[in-house]
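One structure is given here, and the rest of the page talks about it.
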Amino acid sequence: MRTSAAAALTGAAAVLALTGCSGLSFQDDICAGGEYPVMTVGATGSACVKDGEKVPEGYTRYPEGKVPQKVDDEWDVYWRTHTVDKEGNVIDAPEAG
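The sequence shown runs 66 to 162 under my numbering.
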């Protein structure tokens with residue numbers, strides 16, 4: 066009886082793992098390894114810059130502690146409706162027209 070119960074549990078675990086129903090979620094990284102995220106000034110656009118390269122014109126680094134790491138994480142969602150102005154102040158993003 067114990068053997069068949071163990072086999073059933075093992076089989077159920079395998080099914081869950083193979084079907085993606087294991088309870089674990091996967092989120093894509095905002096940038097690839099060796100890159101860091103930047104945001105457009107005054108808008109909600111973003112890009113990734115290679116480590117060691119300067120921030121492109123029209124972009125800025127995210128404020129410290131508010132950098133998105135994964136797609137749909139807290140800061141990725143936040144920056145969809147907020148941006149940084151030319152003075153570095155966090156502001157509401159302009160409405161898309």
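No residue lacks a Cβ here, since even glycine has one placed at the ideal position from N, Cα and C.
Three-state secondary structure (DSSP) of residue i
{"i": "residue 143", "result": "helix"}
{"i": "residue 136", "result": "coil"}
{"i": "residue 120", "result": "coil"}
{"i": "residue 113", "result": "strand"}
{"i": "residue 129", "result": "coil"}
{"i": "residue 94", "result": "strand"}
Strand pairing of residue i, partner residues [DSSP]
{"i": "residue 156", "result": "148"}
Assigned exposure category for residue i - 16 Cβ within 10 Å defines buried
{"i": "residue 156", "result": "exposed"}
{"i": "residue 113", "result": "exposed"}
Distance CB(residue i)-CB(residue j) smaller than 8 Å
{"i": "residue 144", "j": "residue 159", "result": "no"}
{"i": "residue 106", "j": "residue 124", "result": "yes"}
Stretch pair the region 149-156 + the region 92-102: three plus CB contacts closer than 8 Å: no
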